[in-house]
Amino acid sequence: MALHFPDTFLFGTSTSSYQIETAFDHDWQGVKSMDGHVFESTTDHERRFEDDAQLIADLAPAYRMSLMWSKLQRAPKASFHPETVEEYHTLLKALKRRNVNIMMVLHHFTNPTWFSTLGGWEKEDNIDLWLDFVEQLVAEFGQYVSYWNTFNEPNVYASFGWGIGQFPPFKKNLITAIKVVRNMGKAHDQAYTLLKEHTPDKPVGISHNCAVFAADNLMGWLPAKLLDHWFMQFVPKHFERVDFFGMSYYARINHDPLPVTMVTTPDKLINSGKDHDDMWEYYPEGLRETILRYWKQYKKPIIITENGICTKDDTLRVRAIHDYLKIVHDLLQEGVDIKGYYYWSTWDNFEWALGPTYQFGLYSCDLETKERIARPSATVYASIAHTKTLEPKEVVVG
């Protein structure tokens, strides 16, 4: 039997400007990824705004996105760069002409070089610099936006930048990581006030990376507990002033004692016999577990700001879309207030430290020509998103 979602339910896709536009004077520019590619040219989105806007609208009625801070604001508290402002107006107007509902992310892992040089998020004094960017962005582009998302996955940002040292600034200092979280939490709180002053009718939220942290054996128990505390408890408590609780979910991560993934220990994960994609264990039930955990804790409306699967096997992607959305529908029937679901990602992009060969997209993106080619999953998701109807698994998956 087909499952129907509420008329007001938001179906969308998600990207970040930094992963789809050519790098411009930010702290990821020039970084060499695990697959050997250099963070420079990504998918040439800035040269394809009109075509990409049509692609986005064809996939779903909503879109989660960001604008490149380093390109808009080229010095501390500088006025926005006029040509960049016009470029982004072109993109946003193209989306609004197609009636796309926009969620705007104000910080997605990446900072201007000048901000990093000044100490970035390690220094509380720098919060005011980011707030100046936010205030100008709201004044210039707020007319297009329906939802605000202050920070994308601050739990990942702090742990990878200052915990394991895989993101800029590539440090390993837990005390500093905690300081970064606290500073971002203060920035979020001040941004919430600012956004409500300028756009009082538009919901403001956060997006945390959520996972199920489990142990394969006794040695993995403590690491799993510590990571669960960091990702699911300690960091989120700094961002509780929200209109909606945004969450991304991709995996259950087992520990033995270190995380068992296809990136770090592929043989262990393969030999475990567990379903997996190209990065993690494939565990859809974890979406149910994490949603219920935060629903019980906060009783705030929930938006799944990112969910998807890293795989070159599009049959698995189609299966994942069905499995995850079936869980979302079940929870809606149980009374959980879930406002929307955004698939990550619209098309393949530069997957941060891993590189562009790690593929999440409903569309592929040729590394040389940058041509976008629809995968079968794009047709499947577009049908669900525009009709707000999930057909039975045997129809969707085949």
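Following numbering that gives the first Met the number 0, the numbering of the sequence shown begins with 0 at its first residue and continues without gaps.
Glycine is no exception: its CB is placed at the ideal position from the N, C-alpha and C atoms.
Owing to the predicted nature of the structure, the values given are computational and were not obtained by experimental measurement.
**Asked** Just curious, the alpha helix (DSSP H) that V203 is in, first and last residue?
**Response** Per DSSP, V203 belongs to no alpha helix (DSSP H); it is in the beta strand (DSSP E), V203 to A214.
**Request:** Report the option in P75, T89 and G141 whose CA atom is closest to the CA atom of R46.
**Result:** T89
**Message:** I'd like to check one pair, R73 with W113: are the Cβ atoms closer than 9 angstroms?
**Reply:** yes
**Item:** Sequence ranges, alpha helix (DSSP H) only - wholly within the segment 8-59, length at least 4
**Value:** 16-19 and 48-58
**Request:** From the DSSP output, read off the bridge partner residues of T388.
**Result:** H3
**Prompt:** Cβ of F238 within 9 angstroms of Cβ of T149?
**Reply:** Contact annotation: F238 and T149 have beta-carbon atoms nearer than 9 angstroms.
**G29 classed as buried or exposed, judged by whether at least 16 other C-beta atoms fall within 10 angstroms** = Looking at its Cβ environment, which holds fewer than 16 other Cβ atoms inside 10 Å, G29 is exposed.
**Request:** Per DSSP, which residues does F243 bridge with? Please list them.
**Result:** G204
**Item:** Simplified DSSP assignment, three categories, for H197
**Value:** helix
**Request:** Check each candidate in S363, F212 and D24 and name the one with the smallest Cα separation from K70.
**Result:** D24
**Item:** Cut-off 8 angstroms between Cβ atoms - residues of its own chain near K387, not counting five sequence neighbours on either side
**Value:** H3, F4, P5, D6, F8 and F10
**Prompt:** Are A384 and P168 closer than 9 angstroms when you measure CB to CB?
**Reply:** no
**Asked** Distance, Cα to Cα, L325 vs T116?
**Response** What sits at residue 325 in the sequence shown is Lys, not Leu. Roughly 46 angstroms between the two C-alpha positions.
**Request:** Please specify which runs of the beta strand (DSSP E), each continuous and at least 3 residues long, are wholly inside the segment 51-133, giving them in chain order.
**Result:** 61-65 and 100-106
**Message:** In whole angstroms, give me the CA-to-CA distance for H228 and G184.
**Reply:** 17 angstroms
**Prompt:** Should I174 be labelled buried (16 or more other beta-carbon atoms within 10 Å of its own) or exposed?
**Reply:** When all chains shown are included, I174 counts as exposed.
**Message:** Can you give me the C-alpha to C-alpha distance between K106 and R63, rounded to a whole angstrom?
**Reply:** According to the sequence shown, residue 106 is His rather than Lys. Each residue's alpha carbon lies about 12 angstroms from the other.
**Asked** Is the distance from the Cβ of H328 to the Cβ of L291 below 9 angstroms?
**Response** no
**Message:** Beta-carbon within less than 6 angstroms of H254's beta-carbon, same chain only, minus the 5 sequence neighbours each way: which residues are those?
**Reply:** Once the five neighbours on either side are set aside, the close Cβ partners of H254 are A214, G219, P222 and A223.
**Item:** Whole runs of the beta strand (DSSP E) within the segment 293-368, excluding any shorter than 3 residues
**Value:** 301-306, 337-343 and 362-364
**Prompt:** From T109 to H275, what does the alpha carbon distance come to, in whole angstroms?
**Reply:** 29 angstroms
**Prompt:** What is the C-beta distance between D411 and C309, in whole angstroms, given that I count them as a contact (C-beta under 8 angstroms)?
**Reply:** Absent from the model: residue 411. The displayed extent of the chain is 0 to 397, so no value can be given.
**Prompt:** Using the C-alpha atoms, what's the distance from P375 back to F38?
**Reply:** Pairing F38 with P375, the inter-Cα distance amounts to about 28 angstroms.
**Request:** Quick one: grab the DSSP three-state call for I383.
**Result:** helix
**Message:** Measuring only the C-alpha atoms, how far is V317 from L330?
**Reply:** 20 angstroms
**Asked** To the nearest whole angstrom, what separates the beta carbons of T345 and Y362, a pair I think is in contact under 8 angstroms?
**Response** 7 angstroms
**Request:** Enumerate in chain order the residues of its own chain whose CB-to-CB distance from I19 is below 7 angstroms, with the five nearest sequence positions on each side excluded.
**Result:** T41, T42, H44 and N348
**Beta-bridge pairing of Y249 - partner residues as DSSP gives them** = None; Y249 has no bridge partner.
**Message:** Rounded to whole angstroms, what is the Cα-Cα separation between M261 and S271?
**Reply:** 12 angstroms
**Asked** Could you give the residue range of the beta strand (DSSP E) that holds W147?
**Response** Y146 to N151
**Message:** Relative to the C-alpha of E49, which candidate in K95, R240, I126 and D322 has its C-alpha closest?
**Reply:** K95
**Prompt:** Does DSSP put I372 in a helix, a strand or coil?
**Reply:** strand
**Prompt:** According to DSSP, is V396 helix, strand or coil?
**Reply:** Taken through DSSP and simplified to helix, strand or coil, V396 comes out as coil.
**Prompt:** Is it the case that the Cβ atoms of K201 and G141 are separated by a distance below 9 angstroms?
**Reply:** yes
**Prompt:** Which term fits N98, buried or exposed, when burial requires 16 or more other beta carbons within 10 angstroms of its beta carbon?
**Reply:** Burial call: exposed.
**Message:** Restricting to Cα atoms, I'd like to know which of H207, A373, H187 and I55 is closest to N151.
**Reply:** H207
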